[in-house]
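J.:
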Amino acid sequence: MKRANDNSVTSMTPTNSRGSESAKDCRKRKTLRIQYLAEIVRLRELTVLKMREDVDKLLEVCRCLDRGELPEALLRQLHIPYEYDWIDNRITPYS
Numbered sequence: 484m485k486r487a488n489d490n491s492v493t494s495m496t497p498t499n500s501r502g503s504e505s506a507k508d509c510r511k512r513k514t515l516r517i518q519y520l521a522e523i524v525r526l527r528e529l530t531v532l533k534m535r536e537d538v539d540k541l542l543e544v545c546r547c548l549d550r551g552e553l554p555e556a557l558l559r560q561l562h563i564p565y566e567y568d569w570i571d572n573r574i575t576p577y578s
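So for the sequence shown, my numbering puts the first residue at 484; every next one is plus one.
#1: Would you give the residue range spanned by the alpha helix (DSSP H) that Arg559 belongs to?
#2: Does the separation of the CB atoms of Pro554 and Val538 fall below 7 Å?
#3: As a quick exercise: from Val531, Leu557 and Arg527, pick the residue whose alpha carbon is nearest that of Lys540.
#4: Mapping DSSP to helix, strand and coil, what is Arg550?
#5: To the nearest angstrom, report how far apart Val524 and Ser500 are at their CA atoms.
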């Protein structure tokens, strides 16, 4: 019977060390990539929420226009001079 060689225990040779270091670097790059992608997703989700708010505001303006009303905020935002008719309770832009 042959006896097991005492040198069969894996030792940290330069090739093993480089492989281990390469694996660590790979895991580190993977972690950084995941963080980067998570940040991109977070920013895009914020953008989508902001766009949804804008669409909701536009829908409200459209509803007002459909009812024949001119939203005061819209006139102000577009820098259109207007006056409020207290008798008819309506906003009318200057001609």
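Idealized CB from N, CA, C, for every residue including glycine.
T.: Short version:
#1: Glu555 to Gln560
#2: no
#3: Leu557
#4: coil
#5: 36 Å
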